[in-house]
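Letter by letter, the sequence shown follows residues 666 to 835 in our numbering. Ideal Cβ placement from N, Cα and C applies to all residues, glycine included. A short worksheet on the structure shown next.
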Amino acid sequence: MDFTQLPSILTPDLGLLFWMMLAFLVVFGLLAKFGFPAITNMVDERNRYIDDSLRKAHEAEERLANIQQEGESILQEAREKQAQILKEAAESRDAIVEQAQQKARTEGARLLEEARAAIEQEKKAAIADIRQQVATLSVDIAEKVLRQNLRDDKSQMDLIDRMLDGATAN
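Encoded structure:
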């Protein structure tokens, strides 16, 4: 292969190669002195930032787990309180129902006793009324019988004699 025919960019001469090497070393030296430490610092800062973020994320995850655990315990406590309140409400309801039933029984017995007393009083009043009516009726009948039997003086005198005889016999 003949290198003379190739373009000069692909086959640099020795002077160009020297200056290119010198420019490369100067740029490399400046980069090594100023650029690489800055890049290394930025990479280290980024590494610290990522580590710090991971640590904070881990702490946040732990806090979230603690908050969830606290939430579960609070929820469990609320459920227990709810069960206790429902139990107390059921007991109160049962007690109120029992009291109402007892009061209804007492009131029913009182009303029954009052009804019996009223019936007895009405019965006595009815019997007294019937007795009065019977007495009035008896007196009316006796009066009519006596009027019929005592129309004349002789029958009146006979009746008086009989009554006197019966009174003295007793």
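**Request:** Would you identify the three-state DSSP class for ASP817, choosing helix, strand or coil?
**Result:** coil
**Prompt:** How far does the alpha helix (DSSP H) with LEU687 in it reach, from first residue to last?
**Reply:** 679-695
**Request:** Check whether the Cβ of GLU753 lies closer than 8 Å to any Cβ atom in chain C.
**Result:** Absent from the structure: chain C. Only one protein chain is present.
**Request:** May I have the straight-line CA-CA distance separating ALA832 from ALA793, to the nearest angstrom?
**Result:** 30 Å
**Asked** Alpha carbon to alpha carbon, what distance is there between GLU778 and GLN741?
**Response** 55 Å
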